[in-house]
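Everything below concerns the one structure shown next.
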Ligand code: BT5
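Here it is, written out as structure tokens:
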């Protein structure tokens, strides 16, 4: 039987101009980010082109940030990576995290009519059993241009679409899936097609210098809350009020001594008191 997300099925339904024009499906792989990175490293500045998508139905070594694991039973999720070659200033690369979160939130909302929120910096959340659960994570990996290679950024997306509640993986942040949150299985092809289209729109806006920050920040559950932030670089951990984000997507946390800290990468947990 032809897989639901086969190359011909995606080509026939495609709504986007350049994201997904080149699309490869793998029934199993290690990690789609690794596979696409290999293709980029063995290609040149023009190939594979921006918008190339590699998608799989199962990852043996799916990764989160800091080499954490990303786990999903076969055929239940959207697990894919997209290549970008933004010629943006380095600081603006943070816009990719924001526009990806925004696009994923909008695409999920379209399919299930349930509000989607974001947790700084890269979690996409759905209401599930009285709390916000992580339905999707994103992993951005990149390389700045140098004498040997053109710059690129790979956006890895893992969306828990039809993982049954009792098959959700062990996780730091409460995990959920679209199925677990709504009680209904969700067809994956329309979600993928719409997501590629919406992502393309937001990327083109950013390419024209229009910032995704305001729309992104509006969806953050993190703002106005007392948080514990563990930056990947810098101080080990700080507790304070998440006051806002800056134009590059850094989280601004005010500690009890009145100092404002800007965190560009890390983990955040909400504190009750
Ligand atoms: C992420 O990292 O959330 C990024 C996940 C990116 C996955 C995609 S799938 C396609 C592409 N290819 C890859 O190899 N990766 C990308 P982070 O914020 O560090 O969260 C990782 C943590 O999430 C883990 O340590 C677990 O606690 C938890 N986790 C693992 N699998 C999960 C799942 N399916 N749903 C919710 N949480 C999960």
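In this note's numbering, the protein residues as written are 9 to 281.
Just so you know, even glycine gets a beta-carbon here, dropped at the ideal spot from N, CA and C.
Inset, instruction - Mind reading off the beta-carbon distance from residue 60 to residue 136? Whole number of angstroms is fine, and I expect it under 8 Å. - result: The sequence position of residue 60 within the chain shown is 52, counting from 1. The sequence position of residue 136 within the chain shown is 128, counting from 1. Contact flag wrong, Cβ pair sits at about 33 Å.
Inset, instruction - Write down every uninterrupted run of the alpha helix (DSSP H) in the segment 98-131 whose length is 4 residues or greater and which is fully enclosed by it, in chain order. - result: Listed in chain order, the complete alpha helix (DSSP H) runs (minimum 4 residues) inside the segment 98-131 are 102-120.
Inset, instruction - Report buried or exposed for residue 193, applying the criterion of at least 16 other Cβ atoms within 10 angstroms of its Cβ. - result: Start at 1 with the first residue of the chain shown, and residue 193 comes out as number 185. Counting Cβ neighbours within 10 Å, residue 193 comes out exposed, since fewer than 16 surround it.
Legend entry - Sequence-distant residues of its chain with Cβ nearer than 8 Å to residue 279 (five each side left out): Here residue 279 is taken as the residue at index 271 of the chain shown, counted from 1. Sequence-distant partners of residue 279 (beyond 5 residues in either direction) whose C-beta falls short of 8 Å from its own C-beta, in its chain, are 233, 234, 235, 236, 247.
Legend entry - Spatial neighbours of residue 107 in its chain, beta-carbon cut-off 7 Å, leaving aside the 5 residues before and after: For this step, residue 107 is matched to residue 99 along the chain shown. Contacts found: 210, 211, 214, 220.
Inset, instruction - Answer yes or no: the CB of residue 54 versus the heavy atoms of ligand 1, is any distance below 7 Å? - result: Sequence index remark: in the chain shown, residue 54 carries index 46 (1-based). Answer for residue 54: no, Cβ out of range of ligand 1.
Inset, instruction - Classify residue 61 as helix, strand or coil using the three-state DSSP reduction. - result: As a working note, residue 61 is residue 53 in the chain shown. Strand at residue 61.
Legend entry - Pair within 8 Å by beta-carbon distance, residue 283 and residue 104: One cannot answer for residue 283 here, as it falls past the ends of the chain, which runs 9 to 281.
Inset, instruction - Identify whether residue 40 lies in helix, strand or coil by the three-state DSSP scheme. - result: Indexing the chain shown from 1 puts residue 40 at position 32. Residue 40 carries a helical assignment under DSSP once its states are collapsed to helix, strand and coil.
Inset, instruction - Give the secondary structure of residue 149 by DSSP, where H, G and I count as helix, E and B as strand, and everything else as coil. - result: Numbered from its first residue, the chain shown carries residue 149 at position 141. Correct three-state label for residue 149: strand.
Inset, instruction - Would you check whether ligand 1 has a heavy atom nearer than 7 Å to the C-beta of residue 80? - result: The residue you call residue 80 lines up with position 72 of the chain shown. In this structure, residue 80 has its CB closer than 7 Å to one or more heavy atoms of ligand 1.
Legend entry - residue 172 and residue 79 closer than 8 Å at C-beta: On the chain shown, position 164 is the one that residue 172 refers to. On the chain shown, position 71 is the one that residue 79 refers to. One thing to note: residue 172 has its Cβ no nearer than 8 Å to the Cβ of residue 79.
Inset, instruction - Identify which residue in 75, 188, 257, 241 has its Cα closest to the Cα of residue 174. - result: For this step, residue 174 is matched to residue 166 along the chain shown. Restricting attention to 75, 188, 257, 241, the CA atom closest to the CA of residue 174 is found in 188.
Legend entry - Within 8 Å, strictly: CB atoms of residue 163 and residue 146: Numbered from 1 along the chain shown, position 155 holds the residue referred to as residue 163. Numbered from 1 along the chain shown, position 138 holds the residue referred to as residue 146. In this structure, the beta-carbon distance from residue 163 to residue 146 falls below 8 Å.
Inset, instruction - Please determine if the segment 153-161 and the segment 109-124 are in contact, where contact requires at least 3 C-beta pairs separated by less than 8 Å. - result: Counting C-beta pairs with one atom in each stretch, the segment 153-161 and the segment 109-124 have fewer than three that are closer than 8 Å, which means they do not touch.
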